[in-house]
Every structure is written in C-alpha cells, then in structure tokens.
Amino acid sequence: MMRLFIAIKLPALLRDNLCRQLDILKKEINAGLKWVKKDHYHITLRFLGEVKGDKIFDIKKAIDIVAQGTAIAPLLFKGSGAFPYPDNPKIFYLGVDKGEDYLKIIHYKLEDELVKIGFKREDRSYTPHITLARSRRNTDMKRLSRDIKELMNKEFFVGEMVLEKISLIKSELKSDGPVYQDIYSVSL
1 MMRLFIAIKL PALLRDNLCR QLDILKKEIN AGLKWVKKDH YHITLRFLGE VKGDKIFDIK
61 KAIDIVAQGT AIAPLLFKGS GAFPYPDNPK IFYLGVDKGE DYLKIIHYKL EDELVKIGFK
121 REDRSYTPHI TLARSRRNTD MKRLSRDIKE LMNKEFFVGE MVLEKISLIK SELKSDGPVY
181 QDIYSVSL
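Note that this note's numbering has the sequence shown beginning at 1, numbered continuously upward.
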C-alpha cells in the first residue's frame, strides 16, 4: 500500500518567494504551528489515501485523460486562511486568487475519472490552496486563533505561476515529517 495524492507542484522561484515571506511571518507567529518544508509546497488536486500498487496504472490513465482535456493556465496566489475555520485553525494556508475556478474544474474532472476506477467521491467541497503550516497538538487554540486571524488581515502576495503539469506523489510519513516522491507527472 502507498499513500498517494495528485497535485500541482510549485516552481522553485515561487517556493523561494514564499519562503522569504514566511520567514517574516514566523517571527510574528511560530508557537503552536509546524511549518511545511519548502520542497513540499503544492496544491493538492485530490488526496487518494492508501492505495494498492496495482491501482497506479489506472490512476495514471485517469490523470492522462484529464490532462489531455486541460490547457495550461496562469495561477495567482494571494491571501491566506485557515481550515476548518479561523476559530479552530488546524491548517494555515495560502489562497489561490486567479485560477481558483480552473483548479476546481480540474479537481472535479479528476473526481469523475477516479470514481470510474473505484475511488469514492469526496464529501467535502474543494478549496484550492497551499498548506503553509499545521497546528501542533496541545496548542493554546485561543491564542493561535487570534494570531491566525491577525495574519489573515495582512497583505500576503506570493506571485504567479503557469499550471503546466499534474503529478502523482507518494507520501511516506516519518517521525520528522512526510517524505514525498514523484511517481508520475504529465504535462498539459
């Protein structure tokens, strides 16, 4: 079994810009958050969970079908938020400003193809984002919520990229955080 997800990886220049801005934010809020590693920034299109190895061929085929019907498009990242909501921040994220509807269309096309090969449709609505940090266990949630809300009021602009590729990524959970390995990528 492999823990898999389908995602859009960020180019190095955008990751570098994001890190520079986060270094400033980390000085204002660090307690209670575990920050995502620079090389792990991505936009998840669909989390697949634990998958048997014999399903990978079908998953690749589903990604290919979606990629063939999808054109390259610009994405603009701006603003931040928290899941499930700011009063109970489990995840602090960077939002997608330009291209959000485009990413939702890709997500739902992937959902349709994955359902055909035996995956269940996700119950929750899809919100394209880049996870920046997760709350730690035993965190003072009132303080963290206040800090997150303050951060959400700040201007946070990282930049723009062109969506050109969709990737299938393996995530292996380790004690010091996940290790990601590209399984497959396809250009649009």
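Virtual Cβ for every residue (Gly too), placed ideally from N, Cα, C.
All values reported here derive from a predicted model rather than from experimental measurement.
From the DSSP output, read off the bridge partner residues of residue i.
{"i": "Pro89", "result": "Pro84"}
{"i": "Met141", "result": "According to DSSP, Met141 bridges with nothing at all."}
{"i": "Gln181", "result": "Lys170"}
{"i": "Arg134", "result": "Lys34, Ile91"}
{"i": "Gly159", "result": "Phe77"}
{"i": "Ile8", "result": "Ile43"}
{"i": "Lys120", "result": "Looking at the DSSP assignment, Lys120 forms no beta bridge with any residue, so it has no partner."}
{"i": "Ser189", "result": "Residue 189 is absent from the model: the chain starts at 1 and stops at 188."}
Who are the near neighbours of residue i in its chain, counting only those whose CB is closer than 6 angstroms to its CB and skipping five residues on each side?
{"i": "Arg15", "result": "Lys38, Tyr41"}
{"i": "Tyr184", "result": "Lys60, Leu168"}
{"i": "Glu150", "result": "none"}
On the criterion of 16 or more Cβ atoms from any shown chain inside 10 Å, does residue i qualify as buried, or is it exposed?
{"i": "Lys9", "result": "buried"}
{"i": "Pro84", "result": "exposed"}
{"i": "Ser175", "result": "exposed"}
{"i": "Ile148", "result": "buried"}
{"i": "Arg121", "result": "exposed"}
{"i": "Ile220", "result": "This structure gives no information on residue 220, because the portion of the chain shown stretches from 1 to 188."}
{"i": "Glu113", "result": "buried"}
{"i": "Glu111", "result": "buried"}
{"i": "Met161", "result": "buried"}
Less than 8 angstroms between the C-beta atoms of residue i and residue j, yes or no?
{"i": "Gly159", "j": "Phe92", "result": "no"}
{"i": "Thr44", "j": "Leu188", "result": "no"}
{"i": "Ser135", "j": "Lys170", "result": "no"}
(request) Please go through the stretch 17–70 and give each complete alpha helix (DSSP H) segment of 4 or more residues, from N-terminal end onward. (result) Taken in chain order, the complete alpha helix (DSSP H) segments of 4 or more residues contained in the stretch 17–70 are 56–68.
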